[in-house]
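Number of protein chains: 2
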Amino acid sequence: MQFDLEKSIAVLERTPAVLRALLAGLANDWTAPNEGPETWSSFDVVGHLIDGEETDWLVRARIILARGDTRRFEPFDRSRHRQLNRHRSLEELLARFESLRRTNLAELRAMHVGPAQLALTGEHPDFGPVTLKHLLAAWVVHDLGHLAQIARVMAKQYGQEVGPWVPYLPPLTDHEEPRS
Amino acid sequence: MQFDLEKSIAVLERTPAVLRALLAGLANDWTAPNEGPETWSSFDVVGHLIDGEETDWLVRARIILARGDTRRFEPFDRSRHRQLNRHRSLEELLARFESLRRTNLAELRAMHVGPAQLALTGEHPDFGPVTLKHLLAAWVVHDLGHLAQIARVMAKQYGQEVGPWVPYLPPLTDHEEPRS
Chain A
1 MQFDLEKSIA VLERTPAVLR ALLAGLANDW TAPNEGPETW SSFDVVGHLI
51 DGEETDWLVR ARIILARGDT RRFEPFDRSR HRQLNRHRSL EELLARFESL
101 RRTNLAELRA MHVGPAQLAL TGEHPDFGPV TLKHLLAAWV VHDLGHLAQI
151 ARVMAKQYGQ EVGPWVPYLP PLTDHEEPRS
Chain B
1001 MQFDLEKSIA VLERTPAVLR ALLAGLANDW TAPNEGPETW SSFDVVGHLI
1051 DGEETDWLVR ARIILARGDT RRFEPFDRSR HRQLNRHRSL EELLARFESL
1101 RRTNLAELRA MHVGPAQLAL TGEHPDFGPV TLKHLLAAWV VHDLGHLAQI
1151 ARVMAKQYGQ EVGPWVPYLP PLTDHEEPRS
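As you go down the protein sequences, you meet chains A and B in turn. Residue 162 in the numbering used here sits at position 162 of the first sequence, with consecutive numbering throughout. Add 1000 to the 1-based position in the second sequence for the numbering used here, that's all there is to it.
Pasting the structure below:
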């Protein structure tokens, strides 16, 4: 499948409602535990998605589109959410993510990105030149990856309870090494 | 986390709305392709979840609770959906899954399952004795695993479009061997 702006937005704009349908009102037993040391809970993942809205995807798109002399992105802080959300509820995070995503997609639409803009580049601190197309496609995949992660982390909370079904249920044995 | 019937139902009853939020109205480019030969598309996964409602989870719970002389489960047909849904739309499948899940959870609640019932056993055709608790926990994990699968299969459709981001986006390189 080739990159398409409208089809990308169609996925990006769904994520807040998907997370709400999956997580809102659920017992902490499902949303607070993680997969083990140095891994994230569903709560942490929503916090990380908020960080992405505030400091990553659209911020970097702006840098690319500004066509300045330096288009180097700031490194993304993967632990920012840990401190920030210490006293927040999951409901607060879901609402905040929803609001930030709506604002960011409105700004993305207002950028009127066409083929010429998609080919413009920025400089990623880890892997160098990337195009706006790469960035926007990665934003979509990043959402979907973290949705898969939340489903997996939730599934693992019942890892002991399924008895002999373990080898038949892939999420229970996926990502034994922390990887998000 | 220990098995809890209400907390299990809380997840099971969300799945139709989660799938609807994620998939309804989305372009076929996202929902029709799979991960490669012998793997499933998002459309296939919803069809498989319908098969689970019609022929698997609750059917097996009934066998266990009937306490009959033979409590051996029928083998589950993992390819049933391929033929059945050939001429159906994703929207039809989402509506059908929603309706079946609602009916099945109403029946599950009406079974008034307590600790004594959860310890009753049936016989799985592959791995022998399983308790009702194992079965119901596996139903929950199965939902979450297939949600993760749908997110991963969708993510892979942009595998070429993210450029140098590939190694930073786990769903793009998860399950290179078909596993669902």
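All residues carry an ideal CB built from backbone N, CA and C; glycine is no exception. Predicted, not measured: the structure shown is a model, and the values here were computed from it.
Assuming the contact rule is C-beta atoms closer than 8 Å, N85/A and L94/A should be a hit. Round their C-beta distance to whole Å, please. Between N85/A and L94/A a beta carbon distance of about 12 Å is seen, past the 8 Å cut, so the two are scored as non-contacting.
Just to confirm, is the Cβ distance from A61/A to L132/A under 9 Å? In this structure, the beta-carbon distance from A61/A to L132/A falls below 9 Å.
Using 8 Å as the cut-off, can you tell me whether the segment 1137-1157 of chain B makes contact with the segment 1044-1056 of chain B, which would need three or more C-beta pairs spanning the two stretches below that distance? Contact holds: three or more Cβ-Cβ distances are below 8 Å.
For H124/A and G52/A, believed in contact at Cβ under 8 Å, the rounded distance: The pair is not a contact, with the Cβ atoms about 14 Å apart (cut-off 8 Å).
Take E54/A as the anchor and find which of H81/A, E6/A, R109/A and M111/A has the nearest alpha-carbon. The shortest C-alpha separation from E54/A is found at H81/A.
Using DSSP with H/G/I as helix, E/B as strand and the rest coil, what is P1016/B? Secondary structure at P1016/B: helix, using DSSP grouped into helix, strand and coil.
Cutoff 9 Å: E161/A Cβ touching any chain B Cβ: By this cut-off, E161/A is an interface position.
Under DSSP, the beta strand (DSSP E) around T1131/B begins and ends at which residues? Counting along the chain, the beta strand (DSSP E) containing T1131/B begins and ends at G1128 to T1131.
For E161/A, does the three-state DSSP call read helix, strand or coil? E161/A falls in the coil class under three-state DSSP.
Express the C-alpha separation of R102/A and A1032/B in angstroms, rounding to a whole number. So the alpha carbons of these two residues sit roughly 27 Å apart.
For the segment 67-147 of chain A, which segments carrying the beta strand (DSSP E) assignment without a break, of at least 3 residues, lie completely within its bounds, in sequence order? With a minimum length of 3 residues, the continuous beta strand (DSSP E) runs that stay inside the segment 67-147 of chain A are 121-124 and 128-131.
Are any of the Cβ atoms in chain A nearer than 9 Å to that of D1004/B? For D1004/B, the answer is yes, since a Cβ of chain A falls inside 9 Å of its Cβ.
Listing by chain order, which chain B residues have their CB less than 8 Å from the CB of V18/A? Chain B residues near V18/A: V1018, A1021 and L1022.
Report the option in G163/A, P164/A and G159/A whose CA atom is closest to the CA atom of D174/A. Answer by Cα proximity: G159/A.
Which class does G1025/B belong to by DSSP, given the choice of helix, strand or coil? For G1025/B, the three-state secondary structure derived from DSSP is coil.
If you draw a straight line from the C-alpha of T1039/B to the C-alpha of P1171/B, how long is it? Between the alpha carbons of T1039/B and P1171/B lies a gap of roughly 15 Å.
Buried versus exposed call for D1056/B [16 or more other C-beta atoms within 10 Å across all chains shown]: It is buried - the Cβ of D1056/B has at least 16 other Cβ atoms within 10 Å.
May I have the straight-line CA-CA distance separating G1068/B from P1016/B, to the nearest angstrom? Spanning the two alpha carbons is a distance of roughly 32 Å.
Is it buried or exposed, Q1002/B, if we count other Cβ atoms within 10 angstroms and call 16 or more buried? Under a 10 Å Cβ-count criterion, Q1002/B is classified as exposed, with fewer than 16 other Cβ atoms of the shown protein chains found around its own Cβ.
Does the separation of the CB atoms of L19/A and R1014/B fall below 9 Å? It is not a contact, given that the beta carbons lie outside the stated cut-off.
Check whether the Cβ atoms of A155/A and V1140/B lie closer than 9 Å to each other. At a Cβ-Cβ threshold of 9 Å, A155/A and V1140/B count as neighbours.
Inspect the beta-carbon positions of H112/A and E1161/B and report whether they are closer than 9 Å. Not in contact: H112/A and E1161/B (Cβ atoms no closer than 9 Å).
Output yes if chain B places a C-beta closer than 9 Å to the C-beta of F127/A; else output no. Answer yes: the Cβ-Cβ gap between F127/A and chain B drops below 9 Å somewhere.
By how many angstroms is the C-alpha of I1050/B removed from the C-alpha of S1079/B? Taking the straight line from one Cα to the other gives about 12 Å.
Output needed in chain order: residues of the segment 166-180 of chain A with a Cβ under 8 Å from some Cβ in chain B. The segment 166-180 of chain A vs chain B, Cβ under 8 Å: Y168, L169, P170, P171, L172, D174, H175, R179 and S180.
Can you name the start and end residues of the alpha helix (DSSP H) that L172/A belongs to? Annotation for L172/A: no alpha helix (DSSP H) segment contains it, and DSSP assigns it neither H nor E.
Determine the chain B residues that contact A61/A at a beta-carbon separation under 9 Å, and present them in chain order. Around A61/A, no beta-carbon contact reaches into chain B at under 9 Å, the shortest distance being about 14 Å.
Shorter than 9 Å from the beta carbon of Q1117/B to some beta carbon of chain A? Answer no: the Cβ-Cβ gap between Q1117/B and chain A never drops below 9 Å.
E1053/B by DSSP, collapsed to three states: which one? DSSP places E1053/B within a helical segment (H, G or I) once states are collapsed to three.
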